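Novice: In the working numbering, the protein residues as written are 396 to 751.
Virtual Cβ for every residue (Gly too), placed ideally from N, Cα, C.
Remember, it's a predicted structure, so these values are computed and weren't measured experimentally.
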Amino acid sequence: MKDEITKNPLEPTQLLDRDCTTLSRHVLQQLQSFSADAQDLSALMSRIALAAKLISRRLSRAGLVEGVLGFSGDINVQGESVKRMDVYANEVFISVFKQSGLVCRLASEEMEKPYYIPENCPIGRYTLLYDPIDGSSNIDSNLNIGSIFSIRQQEGNDENGEALDLLQSGRKQLAAGYILYGPSTMLVYSIGTGVHSFTLDPSLGEFILSNQNIQVPEHGAVYSVNEGNFWQWDESIRDYIRYVHRHEGYTARYSGALVGDFHRILHEGGVFMYPGTIKKPEGKLRLLYETAPLAFLIEQAGGQASTGTQDILDVVPDQLHTRTPVIIGSKDDVALVKSFIDDRKHEKNPAIATHS
Ligand code: AHG
Ligand code: MN
Ligand code: MN
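Below, the structure is given as structure tokens:
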């Protein structure tokens with residue numbers, strides 16, 4: 396008996412500290428404050444976690460209950476066919492912020508214009524930008540999908556509802572993150588004090604801290620891009636792809652869900668790209684609720700995010716649904732892609748010049 400006690404020297408309180416750091420507690424610890432702003436951010440994150448749990452629960456019943464899988468029959472503002480889960484997840488985020496007193500405005504991929512919760516506006520000075528379901532094409536195949544979020548302070552009164560204060564760079568984000576619905580459900584967030592990940596413990600209904608201060612490796616083997624678009628890209632992107640084909644140590648991974656591909660790169664290093672194409676010169680991904688939040692995270696993790704010519708976090712959108720090309724991930728790998736872009740700009744032949 397005595398031996399058993401010495402084998403496990405941790406006091407019960409230490410065990411709790413190690414195993415049960417919940418998300419809301421973590422936010423307060425990060426801010427080292429119980430100020431009103433800190434309490435707001437903690438409450439905002441708790442509501443996002445609630446949305447994540449509701450979406451995760453519904454996804455886990457797909458195929459068992461009616462109305463989860465398949466298309467809704469609508470086309471969204473992006474011209475894309477909407478899935479039932481897109482609609483459900485979009486509404487979940489709205490409903491968790493109703494009567495919260497926190498969020499005055501929500502803007503998402505699925506809504507042409509921002510959605511206002513007027514009763515919150517006198518006190519709730521925050522805007523939530525979100526992609527309710529990222530990687531919608533994976534839903535019906537039971538593959539990984541995600542949600543992406545970003546929180547900004549509302550500036551001005553926005554009396555005519557034009558939300559012009561949102562047309563500012565990603566440096567204005569107070570917090571950003573994503574939820575990954577994979578074999579387990581994870582929430583990864585930053586409030587500008589590093590990147591931290593949590594895993595949903597379904598038996599507790601709580602997100603429990605998994606990893607703190609995640610740093611992306613400076614280089615990784617993975618390149619993640621839809622090579623089906625090869626002939627639609629600029630020649631400089633084709634130069635980069637030819638380079639990785641011809642050199643050892645690279646491997647392709649592309650899941651069709653940005654959140655999943657990004658999550659892998661955050662941990663293992665490498666680069667994710669969605670460059671401009673002939674049909675979509677600005678690429679496919681949207682700045683305010685896809686690329687800017689992930690750029691916020693990757694910079695916090697020591698990586699980089701670029702359009703090819705500009706840091707993503709410096710891009711000022713001209714519309715709510717503005718798209719940007721994106722190259723995001725490990726510093727060295729993003730720099731390598733950019734060097735091919737620079738070479739073409741300066742009309743060098745990269746195969747002969749810097750990269751042979
Ligand atoms: P969404 O489902 O929110 O429209 O986003 C899909 C995005 C992103 O998740 C993914 O990386 C990319 O679109 C895949 O697009 P392609 O099929 O064109 O490669
Ligand atoms: Mn998306
Ligand atoms: Mn989406």
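1. On the three-state DSSP scale, how would you describe threonine 401?
2. Quick check: does the Cβ of glutamate 505 come within less than 7 Å of any heavy atom belonging to ligand 2?
3. Would you tell me roughly how many angstroms separate the C-alpha atoms of proline 756 and proline 517, rounded to the nearest one?
4. Determine the DSSP secondary structure at valine 620, reduced to helix, strand or coil.
5. Mark glycine 600 as exposed unless 16 or more other C-beta atoms lie within 10 angstroms of its C-beta, in which case mark it buried.
6. Considering just the uninterrupted stretch of the alpha helix (DSSP H) at glycine 655, what are its terminal residues?
7. Since leucine 523 sits in a beta bridge, which residues does DSSP pair it with?
8. Can you tell me whether glycine 671 is helix, strand or coil according to DSSP?
9. Please determine whether the Cβ atom of proline 527 lies at a distance below 7 Å from any heavy atom of ligand 3.
10. With a cut-off of 8 Å, do at least 3 Cβ pairs link the segment 442-449 to the segment 460-473?
11. Sort Phe735, Ile450, Ile693, Gly623 by Cα distance to glutamine 610 and report the nearest one.
12. Measure the CB-CB distance between arginine 718 and lysine 674 and report whether it falls below 8 Å.
13. Look up asparagine 608 in the DSSP assignment and say whether it is helix, strand or coil.
14. Under a Cβ-count criterion, where at least 16 other Cβ atoms within 10 Å of its own Cβ denotes burial, should glutamate 613 be classed as buried or exposed?
15. Quick check: what's the CA-CA separation for valine 710 versus serine 631?
16. Please determine if the segment 696-708 and the segment 723-733 are in contact, where contact requires at least 3 C-beta pairs separated by less than 8 Å.
Specialist: This is what the structure holds:
1. A caution first: threonine 401 carries a pLDDT of 48, below 50, which makes its placement in the model too unreliable to give a value.
2. no
3. As shown, the chain starts at 396 and ends at 751. That puts residue 756 outside it, with no answer to give.
4. coil
5. exposed
6. 653-663
7. Leu501, Ile546
8. coil
9. yes
10. no
11. Ile693
12. no
13. coil
14. exposed
15. 21 Å
16. yes
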